[in-house]
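Residue numbers (UniProt numbering): 1 to 136.
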């Protein structure tokens, strides 16, 4: 299964090669950092093996949040956020911004994290796992 994606201006493009959709774990995160990074009330990423992801066009800009140890990659022209990874998983995984996929429906959410911080008006996603913290 090959998925493609890009930033808004398309100066950054990538491909994602998976054996099946089960090789990705898409989740909604309600933590404060995701809210700030995504500019909305939650983050939506899909955890994939680092080797499954490859830029096919352009070079991303990186920002490392020293407090959390999370590095985020984005387009230095339009600002679109493409992916992130933490120090502990930087050699193994990437968390792709699902909205940057050309077909975001291809990787539906399997769960929600930091549900204790979910916006009061946002309903729980049915039929997925729900964790109040990252580790429960």
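The beta-carbon is built from N, C-alpha and C at its ideal position, and this holds for glycine as well. Just so you know, these numbers come straight off a predicted model, no measurement behind them.
In the structure shown, the three-state DSSP call for residue 65 is strand. In its chain, beyond the 5 residues on either side, 6, 56 and 57 have a beta carbon closer than 6 Å to the beta carbon of residue 13. With 16 or more other Cβ atoms inside 10 Å of its own Cβ, residue 84 counts as buried. Contact between residue 93 and residue 24 does not hold, since the beta-carbon distance rounds to 10 Å and is not under 8 Å. Cα atoms of residue 21 and residue 103: separation of roughly 12 Å, rounded to the nearest angstrom. DSSP places residue 34 within a helical segment (H, G or I) once states are collapsed to three. Taking one beta carbon from each stretch, the stretch 109-120 and the stretch 61-77 have fewer than 3 pairs nearer than 8 Å; the two do not touch. Taking all protein chains in view, the Cβ of residue 119 is surrounded by fewer than 16 other Cβ atoms within 10 Å, so the residue is classified as exposed. Within the same chain, 28, 109 and 112 come within 7 Å of residue 125 by CB-CB distance, once the 5 residues on both sides are set aside. In the displayed model, residue 89 falls within a helix according to three-state DSSP.
Here DSSP, grouped into helix, strand and coil, assigns residue 128 to coil.
When DSSP states are grouped into helix, strand and coil, residue 133 belongs to the coil group. For residue 46, the enclosing beta strand (DSSP E) covers residues 43-49.
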